[in-house]
Each structure stands twice: as C-alpha cells, then as structure tokens.
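Peer 1: Below you'll find the structure I mean.
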Amino acid sequence: MTTSLKLITCILSAMCLLAMPCQAKTLSIAIGEYPPYSTRAKGEFNFVPALIRAAFQTQGYRVKFSYFPWGRSFVEVQKGHFDVAAYWFCTEEKQQEFYCSEALYTETTYFFYNTKKPLVDWQHIDDLAGKLIGVTTGYSYTNELLAAGKESKLTLDWANTDKQNLARLIKGRIDAFPMSLIPANYMLKNEFSKRQRKRLAYRKKPLRSDTTHLLFKKDREASSEYLNAFNKGLAEIKRNGVFDKLVSQLPSNSKQSTDKQGMN
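Take a look at the structure:
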C-alpha cells in the first residue's frame with residue numbers, strides 16, 4: 001500500500017470514530033468494471049469505489065460493491081436488488097426514474113482510430129457518414145451518435161467489452177471507437193503490446209464531456225436519505241482533502257499521445 005493510500009485509510013478510520021455510530025446500515029451498490037476508475041482486481045487502485053466509500057463513511061454508512069456487466073448492473077438496481085447504481089451520466093431519461101447525486105468526476109470520450117486507416121478530422125457526426133463505429137454494450141452514448149446509427153448514416157457495431165473494441169480497432173475491423181483517455185490508456189498498457197498500442201491514436205475533438213453520478217431509485221423509500229448522505233459526505237471529503245488525495249492517485253493524461261501519433 002502506498003504512503004498516500006495509508007494516509008487516506010488513517011484519515012477515514014479517524015473520521016469513522018468521530019462520526020459514530022460506525023455500525024450503521026450497509027448500502028449495497030451495483031457497479032461495473034472500468035479500470036482504473038473501478039475494478040474488482042485486487043491490489044489495483046480503485047478510484048470511484050474509494051471515493052464513494054469515503055463519502056458515505058463520513059455520514060456513518062458502510063458500503064458493499066457488487067460487480068456486473070454495466071448493462072446488468074443498471075438493471076439490478078432498477079429491479080430493486082441494490083440501493084445504489086454506480087456510476088452513470090445523469091441523462092434526462094435516467095432522471096425520470098432516478099435521483100442523481102452530485103458529480104463524481106467528468107468523463108470525456110474521444111474517437112480512437114487505427115493510424116493505418118486515419119479517421120477524418122470530424123466536427124459533426126455527419127462527417128463520419130459511412131464509418132463503422134465500435135460501441136460497448138451497456139454504455140451511454142450521445143443521442144446524436146445513436147440517431148446517426150438508427151438512420152443508417154453510419155453503422156454502430158456493438159461488442160460486449162472495451163477490450164474487444166480496442167482489439168477490433170487494432171486489427172482494422174472497425175473505423176473508430178469512442179473511449180475516455182485514462183481508461184483507454186490503462187487498458188492498452190495492461191492488455192496490449194507496445195507494437196499494438198502504436199497502431200492507435202485519437203481525434204482531439206471529444207464526442208462528449210459529461211459528469212458521472214450515483215443513481216438512487218425514486219420509488220425506494222430510503223433513496224432520498226442515501227442521496228443526501230452521499231452529497232454531504234462528498235462535500236466533506238472535498239473540504240478535508242481526501243478527495244484531492246484520491247484524485248492524485250489516478251494515472252495522468254500528460255503522457256497520452258495526440259493525433260498523428262501512436263499510443264505510448
């Protein structure tokens with residue numbers, strides 16, 4: 001365990017003692033695999049679960065995470081099997097059924113492409129007409145991208161995981177794949193060779209930039225209580241410095257390559 005993480009653990013333990021009782025209700029949270037933001041892998045930094053746990057702990061709550069494929073994790077909360085869905089864009093559609101927490105962090109996605117099949121320097125979705133775009137089942141995409149696929153202006157080709165989409169992109173089987181820089185770089189460095197990484201680049205114009213949130217089902221009696229507790233806890237860990245310490249553990253984007261270069 002790093003010195004910074006040990007310090008965070010000590011801070012949280014002290015906060016728990018001060019915010020008794022610590023034997024309060026344990027909240028069940030359904031979440032998906034998206035390293036380094038969230039992962040069940042032991043020994044890996046787990047930013048979002050650490051953030052959520054720290055915020056709830058200031059209010060006397062414990063949390064338990066269960067990992068599912070993203071689409072299923074959302075359905076499990078819809079069915080009332082879990083208290084919280086972590087973590088999603090707060091779309092108008094989701095707001096019909098869920099309360100959205102304060103923002104966890106901002107997720108920005110870019111179109112990755114194979115340098116042997118350069119992607120047009122696009123400005124509008126229509127610029128990608130005729131392209132085969134890889135997308136991952138269970139993820140949220142922009143209405144413009146989904147509409148373009150529905151209208152057959154371009155083709156959306158669904159895969160079960162980001163790893164599958166990156167592999168298809170490296171092999172030239174799709175023309176582009178939208179993904180956030182930090183998770184993409186993390187996966188490429190851990191799952192693919194340097195030679196494979198060098199085949200990919202991304203366009204600087206983002207497909208979307210939006211905040212991520214916890215979702216609490218509106219028809220569950222305790223949801224308002226849990227929502228308020230998390231929001232208060234999030235404000236507290238931002239005030240006391242725990243939030244910034246967690247953010248500092250995330251990999252940096254500074255070494256990311258840009259257009260016309262392969263990934264490091």
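The sequence shown lines up with residues 1 to 264 when you count with the UniProt record's numbering.
Don't be surprised by glycine CBs; every beta carbon is placed ideally from N, CA and C.
If you run the structure through DSSP and keep just helix, strand and coil, what is L215?
Peer 2: Here residue 215 refers to the residue found at position 215 when the sequence shown is read from its first residue. The answer is strand: DSSP assigns L215 an E or B state.
Peer 1: Cα separation between Q123 and T108?
Peer 2: Taking the sequence shown and counting its residues from 1, one reaches residue 123 at position 123. Taking the sequence shown and counting its residues from 1, one reaches residue 108 at position 108. If I take the Cα positions, the gap works out to 16 angstroms.
Peer 1: Cα separation between K204 and L250?
Peer 2: To locate residue 204, count along the sequence shown from 1; it is residue 204. To locate residue 250, count along the sequence shown from 1; it is residue 250. If I take the Cα positions, the gap works out to 21 angstroms.
Peer 1: Taking buried to mean at least 16 other C-beta atoms within 10 Å of its own C-beta, is P118 buried or exposed?
Peer 2: Taking the sequence shown and counting its residues from 1, one reaches residue 118 at position 118. Exposed.
Peer 1: Say whether the stretch 37-49 touches the stretch 68-82, bearing in mind that this needs 3 or more beta-carbon pairs closer than 8 angstroms, one atom from each stretch.
Peer 2: no
Peer 1: Alpha carbon to alpha carbon, how far is E210 from A24?
Peer 2: Residue mapping note: residue 210 aligns to position 210 of the sequence shown, counting from 1. Residue mapping note: residue 24 aligns to position 24 of the sequence shown, counting from 1. For the sequence presented, residue 210 should be read as Asp rather than Glu. Approximately 33 angstroms, taken between the alpha carbons.
Peer 1: Classify K232 as helix, strand or coil using the three-state DSSP reduction.
Peer 2: In the sequence shown, the residue the question calls residue 232 occupies position 232. DSSP places K232 in the helix class (H, G or I) of the three-state scheme.
Peer 1: Note down the Cα distance separating P49 from Q95, rounded to an integer number of angstroms.
Peer 2: Here residue 49 is taken as the residue at index 49 of the sequence shown, counted from 1. Here residue 95 is taken as the residue at index 95 of the sequence shown, counted from 1. Straight-line Cα distance between these residues: approximately 22 angstroms.
Peer 1: Please name the residue, chosen from A229, L207, Y202, that lies closest to L214 on a Cα-to-Cα basis.
Peer 2: The residue given as residue 214 occupies position 214 in the sequence shown. Of A229, L207, Y202, the smallest CA-CA separation from L214 is found for A229.
Peer 1: For V247, which residues in the same chain have their Cβ closer than 6 angstroms to its Cβ, ignoring the five residues on either side in sequence?
Peer 2: Start at 1 with the first residue of the sequence shown, and residue 247 comes out as number 247. Taken in chain order, the list of residues that qualify is empty.
Peer 1: Helix or strand or just coil, what does DSSP make of R220?
Peer 2: As a working mapping, residue 220 is identified with position 220 in the sequence shown. Looking at R220 - three-state DSSP - the assignment turns out to be coil, as it is neither helix nor strand.
Peer 1: Extract the residue ranges of the alpha helix (DSSP H) inside the stretch 25-82, only unbroken runs of 4 or more that lie entirely within it.
Peer 2: Uninterrupted alpha helix (DSSP H) stretches at least 4 residues long and entirely within the stretch 25-82 occur at 47-57, 70-78, given in chain order.
Peer 1: In three-state terms, what does DSSP make of S248?
Peer 2: If you number the sequence shown from 1, residue 248 lands on position 248. In this structure, S248 counts as helix in the three-state DSSP scheme.
Peer 1: Among L51, E44, L200, R195, which residue has its Cα nearest to the Cα of T212?
Peer 2: By one-based count along the sequence shown, residue 212 stands at place 212. Answer by Cα proximity: L51.
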